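Enquirer: Protein chains in written order, with the working numbering: chain A, 5 to 344; chain B, 42 to 160.
Note that CB positions come from ideal geometry on N, CA and C, so glycine has one too.
Remember, it's a predicted structure, so these values are computed and weren't measured experimentally.
Encoded as structure tokens, here's the structure I'll be asking about.
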Amino acid sequence: MEKRIGTSTTRLAHPPAVLSFAAVGGHMEGKGPLRDFFDELSEDNLWGQKTWEQGESEMQRRVLRKALEKAGLQPAELDCVFAGDLLNQCIGSSFSLRDSGIPFFGIYGACSTMGEGLSLAAMLVDGGYANRAAAMTSSHFCTAERQYRMPVPYGSQRTPTAQWTATAAGCCILGKEGDGPYITHVTTGKIVDQGITDPNNMGAAMAAAAYDTLAALFRDTGTGPSDYDLIVTGDLGRLGHDIVCELFARDGIDVTGNHDDCGLLLFDRKQQDMHCGGSGCGCSAGVLNGYLLRGMREKRWNRLLFAPTGALLSPTSSLQGESIPGICHAVVISNTREVK
Amino acid sequence: MEYARAFLCGGALCAIGQLLIDKTGLTPARILTGYVVAGVFLTAVGVYGPLVDWGGAGATVPLLGFGYALANGVRTAVSEKGWLGVLTGGLSATAGGIAAAACFALLTALLFRAGDKRL
């Protein structure tokens, strides 16, 4: 069976099974509507460590440990782990896995990292290159502020279009056999740049990439929005979400019925004063590896299209006047192995 | 009465800043630097001096006040030292404020730990 279909999609021949998943969150996530779907929550955003960066690594250590525990696996039984984060040189991930002894592929997809990691892990398992592979990522409000904008103690004001970087980590372990859900298709995004330069408005910058990848997936697989129980983008926020709906409406495709966004699900925007919603690698990872996958196991949804988006800018590129390139990695997760 | 004036003056300047954040695409950094430059400009054209007389700390504490101090400092230094005053005047006049910021920041960092943002 041909695995590559269309322009951008890989159809997995023997869809890998989700063996386990885990999510941990910080204090804002613990007050949000999805708080019951996290395996562990902490009021202390330092997670008992000395710095926030070390706190973020600690979140990854805990979420990996939890996912392994739920799958009944030892670290040595993982053939590899794909992990990345928003920090310079992805130190959140490398320091968390420093003592794990697990073969490590460091990746960077900004807020789309969960989709990228899941795509790569699924392809490795389907290709027989790994028996068990994990995909993991994290983000942290304080480390992201220091990384992209100003350190939190600077006390700057947030604009109405700003998003709140989630303090959360998620991990998903895939294997050849299991009860599911299963990863059936992977659509790898290409970089799309709309010429938007305002880093306080990333949702709008990434919306075009989400549209591009989802449109490619629909075309390649010959499916439409109604073939999925739920289509979830990463962290487009209110503004980005509306832009995607509008772009599809121009094609005569209505995605408003079953389209949601992790950035809008994770927090209660009104009660928690989140402005445009949540963002960060941990946003989509936290929502997928708690709320969404649990919902699939409970048969709330049987076919899920998970499409987190990332903004591939850096503080340097912004200062140099560059616009913000976006990317979206999509994964089809289904409760049955039957592949279209 | 002077407290009420300071409150109104400072409050109005801060409200303008908030409106700029909410209604325009100006980044906070640009608003801050814009305020300093505006302070210099308004002092040069003779508008800010009277505002300081009326509003007191409500005009000198916001960043326009920093521009006001810079502009006056340069003016004084130039009249005393000639062209060299262009370079020395601004920093001399604002030295107290800058040193206070650095000292209090260091003290705070020594005594307290940086907190997380709580809404």
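Would you decide whether E57 (chain A) is buried or exposed? Buried here means 16 or more other CB atoms lie within 10 Å of its CB.
Expert: Residue mapping note: residue 57 (chain A) aligns to position 53 of the first sequence, counting from 1. The residue is buried, with at least 16 neighbouring Cβ atoms inside 10 Å.
Enquirer: Determine whether the Cβ of F145 (chain A) lies closer than 9 Å to any Cβ atom of chain B.
Expert: By one-based count along the first sequence, residue 145 (chain A) stands at place 141. So, interface residue.
Enquirer: Mind checking the segment 147 to 181 of chain A against chain B and listing, in chain order, the residues whose C-beta falls within less than 7 Å of any C-beta there?
Expert: Those would be V156, P157, S160, Q161, T163 and P164, in chain order.
Enquirer: What is the C-beta distance between T141 (chain A) and G179 (chain A), in whole angstroms, given that I count them as a contact (C-beta under 8 Å)?
Expert: Position 137 of the first sequence holds residue 141 (chain A). Position 175 of the first sequence holds residue 179 (chain A). Here T141 (chain A) is actually not in contact with G179 (chain A); their C-beta atoms are around 19 Å apart, not less than 8 Å.
Enquirer: Mind pulling the chain A residues with CB within less than 7 Å of A32 (chain B)?
Expert: Absent from the structure is residue 32 (chain B), since the part of chain B shown begins at 42 and ends at 160.
Enquirer: Report the residues of the segment 190 to 202 of chain A with a CB closer than 7 Å to any CB of chain B, ordered along the chain.
Expert: For the segment 190 to 202 of chain A, the set of positions with a beta-carbon nearer than 7 Å to some beta-carbon of chain B reads D202 in chain order.
Enquirer: Just the C-alpha distance for V77 (chain B) and F48 (chain B), rounded to the nearest angstrom, thanks.
Expert: By one-based count along the second sequence, residue 77 (chain B) stands at place 36. By one-based count along the second sequence, residue 48 (chain B) stands at place 7. The straight-line gap from Cα to Cα measures roughly 20 Å.
Enquirer: 9 Å is my cut-off, CB to CB: does N339 (chain A) come that close to chain B?
Expert: Translated into positions along the first sequence, residue 339 (chain A) becomes position 335. No, its Cβ sits nowhere closer than 9 Å to a Cβ of chain B.
Enquirer: Can you give the beta carbon distance from V22 (chain A) to G184 (chain A), rounded, assuming they're within the 8 Å contact cut?
Expert: By one-based count along the first sequence, residue 22 (chain A) stands at place 18. By one-based count along the first sequence, residue 184 (chain A) stands at place 180. The Cβ separation is near 7 Å, so the contact holds.
Enquirer: Scan the segment 228 to 252 of chain A and note each continuous beta strand (DSSP E) run of 3 residues or more that stays entirely inside, going in chain order.
Expert: 234 to 237
Enquirer: Please decide whether G66 (chain B) counts as near chain A, where near means a Cβ-Cβ distance under 9 Å.
Expert: As a working note, residue 66 (chain B) is residue 25 in the second sequence. So yes, G66 (chain B) belongs to the interface.
Enquirer: Does N204 (chain A) have its Cβ less than 9 Å from a Cβ in chain B?
Expert: Counted from its first residue, the first sequence places residue 204 (chain A) at position 200. N204 (chain A) belongs to the set of residues whose beta carbon lies under 9 Å from a beta carbon in chain B.
Enquirer: Compare the beta carbon distance of E81 (chain A) and S143 (chain A) with 9 Å and say whether it is the shorter of the two.
Expert: Position 77 of the first sequence holds residue 81 (chain A). Position 139 of the first sequence holds residue 143 (chain A). No, the pair does not count as a contact, with Cβ atoms beyond the cut-off.
Enquirer: Between P91 (chain B) and chain A, is the shortest Cβ-Cβ distance under 9 Å, so that the two count as touching?
Expert: Here residue 91 (chain B) corresponds to residue number 50 of the second sequence, with the count starting at 1. Closer than 9 Å: no.
Enquirer: Would K122 (chain B) be called buried (16 or more neighbouring beta carbons within 10 Å of its own) or exposed?
Expert: For the purposes of this step, residue 122 (chain B) is taken as the residue at position 81 of the second sequence. It is exposed - the Cβ of K122 (chain B) has fewer than 16 other Cβ atoms within 10 Å.
Enquirer: Who are the near neighbours of H31 (chain A) in its chain, counting only those whose CB is closer than 8 Å to its CB and skipping five residues on each side?
Expert: On the first sequence, position 27 is the one that residue 31 (chain A) refers to. Excluding positions up to five away in sequence, the list reads L45, S46, E47, D48, N49 and T171.
Enquirer: Three Cβ pairs or more, each shorter than 8 Å: is that satisfied between the segment 33 to 40 of chain A and the segment 250 to 261 of chain A?
Expert: Note that the segment 33 to 40 of chain A does not touch the segment 250 to 261 of chain A; fewer than 3 beta-carbon pairs, one per stretch, sit closer than 8 Å.
Enquirer: Give me the Cα-Cα distance between V85 (chain A) and A166 (chain A), rounded to the nearest whole angstrom.
Expert: Within the first sequence, the letter at position 81 stands for residue 85 (chain A). Within the first sequence, the letter at position 162 stands for residue 166 (chain A). Cα to Cα, V85 (chain A) sits roughly 32 Å from A166 (chain A).
Enquirer: Can you name the residues of chain A whose CB is closer than 7 Å to the CB of P69 (chain B)?
Expert: Residue mapping note: residue 69 (chain B) aligns to position 28 of the second sequence, counting from 1. Under the 7 Å cutoff, chain A gives S160 and Q161.
Enquirer: When the Cα atoms are used, what is the spatial distance from A143 (chain B) to A136 (chain B)?
Expert: Indexing the second sequence from 1 puts residue 143 (chain B) at position 102. Indexing the second sequence from 1 puts residue 136 (chain B) at position 95. Approximately 11 Å between the Cα atoms of the pair.
Enquirer: Quick check on the DSSP output: the alpha helix (DSSP H) that includes F99 (chain A) runs from which residue to which?
Expert: In the first sequence, counting from the first residue as 1, residue 99 (chain A) sits at position 95. From DSSP, the alpha helix (DSSP H) with F99 (chain A) extends over I95 to S100.
Enquirer: On the DSSP bridge assignment, give the partners of I177 (chain A) in chain order.
Expert: Taking the first sequence and counting its residues from 1, the one referred to as residue 177 (chain A) is at position 173. Answer by DSSP bridge pairing, in chain order: A:S24 and A:A138.
Enquirer: Within a Cβ cutoff of 7 Å, which residues of the same chain sit near A214 (chain A), ignoring the five residues on either side of it in sequence?
Expert: The residue given as residue 214 (chain A) occupies position 210 in the first sequence. So the list reads T237, L240, V248, A311, T313 and C332, once near-sequence residues are dropped.
Enquirer: If contact is defined by three or more beta carbon pairs under 8 Å, each pair taking one atom from either stretch, is the segment 208 to 223 of chain A in contact with the segment 288 to 306 of chain A?
Expert: no
Enquirer: Which residues in the same chain have their Cβ closer than 6 Å to the Cβ of H263 (chain A), if we skip the five residues on either side of it in sequence?
Expert: In the first sequence, residue 263 (chain A) corresponds to position 259, counting from 1. The answer, listed in chain order, is I235.
Enquirer: Using a Cβ-Cβ cut-off of less than 7 Å, list which residues of the segment 24 to 56 of chain A approach chain B; keep chain order.
Expert: Those residues of the segment 24 to 56 of chain A placed with their C-beta closer than 7 Å to a C-beta in chain B are N49, ordered along the chain.
Enquirer: Could you pull out every residue in the same chain whose Cβ sits closer than 8 Å to the Cβ of G96 (chain B), ignoring the five residues on either side in sequence?
Expert: For the purposes of this step, residue 96 (chain B) is taken as residue 55 along the second sequence, with counting starting at 1. For G96 (chain B), where only same-chain residues beyond five positions count, the Cβ hits under 8 Å are R46, A47, L49, C50 and G51.
Enquirer: Below 7 Å on C-beta distance, what does I57 (chain B) contact in chain A?
Expert: Locating residue 57 (chain B) in the second sequence gives position 16, where the first residue counts as 1. Within chain A, no residue comes near I57 (chain B); the closest Cβ sits about 13 Å away, beyond 7 Å.
Enquirer: Along chain A, in chain order, which residues have C-beta atoms closer than 7 Å to that of K158 (chain B)?
Expert: Sequence index remark: in the second sequence, residue 158 (chain B) carries index 117 (1-based). Neighbours of K158 (chain B) on chain A, chain order: F145 and V156.
Enquirer: Counting along the chain, where does the beta strand (DSSP E) carrying F86 (chain A) start and finish?
Expert: Indexing the first sequence from 1 puts residue 86 (chain A) at position 82. Looking at the DSSP string, the run of the beta strand (DSSP E) that includes F86 (chain A) is C84 to G88.
Enquirer: With a threshold of 9 Å between beta carbons, is I139 (chain B) in contact with chain A?
Expert: Walking along the second sequence from the start, residue 139 (chain B) turns up at place 98. It does not: the Cβ of I139 (chain B) has no partner Cβ on chain A nearer than 9 Å.
Enquirer: Quick check: the segment 88 to 102 of chain A against the segment 202 to 209 of chain A, are there 3 or more CB pairs under 8 Å?
Expert: no
Enquirer: Alpha carbons only, please: which of B:K158, B:A70, B:F145 and B:Y89 is nearest the one belonging to N113 (chain B)?
Expert: On the second sequence, residue 113 (chain B) is found 72 positions in, with the first residue counted as 1. Closest by alpha carbon: B:Y89.
Enquirer: Looking only at C-alpha atoms, which of B:A53, B:R116 and B:G126 sits nearest to L105 (chain B)?
Expert: Here residue 105 (chain B) corresponds to residue number 64 of the second sequence, with the count starting at 1. If we check each option's Cα against that of L105 (chain B), B:A53 comes out closest.
Enquirer: Starting from P319 (chain A), follow the beta strand (DSSP E) in both directions and report where the run begins and ends.
Expert: Looking up residue 319 (chain A) in the first sequence gives position 315. Counting along the chain, P319 (chain A) falls outside any beta strand (DSSP E), though it belongs to the alpha helix (DSSP H) covering P319 to L323.
Enquirer: Thinking C-beta only, is G284 (chain A) closer than 9 Å to F271 (chain A)?
Expert: Position 267 of the first sequence holds residue 271 (chain A). Position 280 of the first sequence holds residue 284 (chain A). No; because the gap between Cβ atoms is not below 9 Å, this pair is not in contact.
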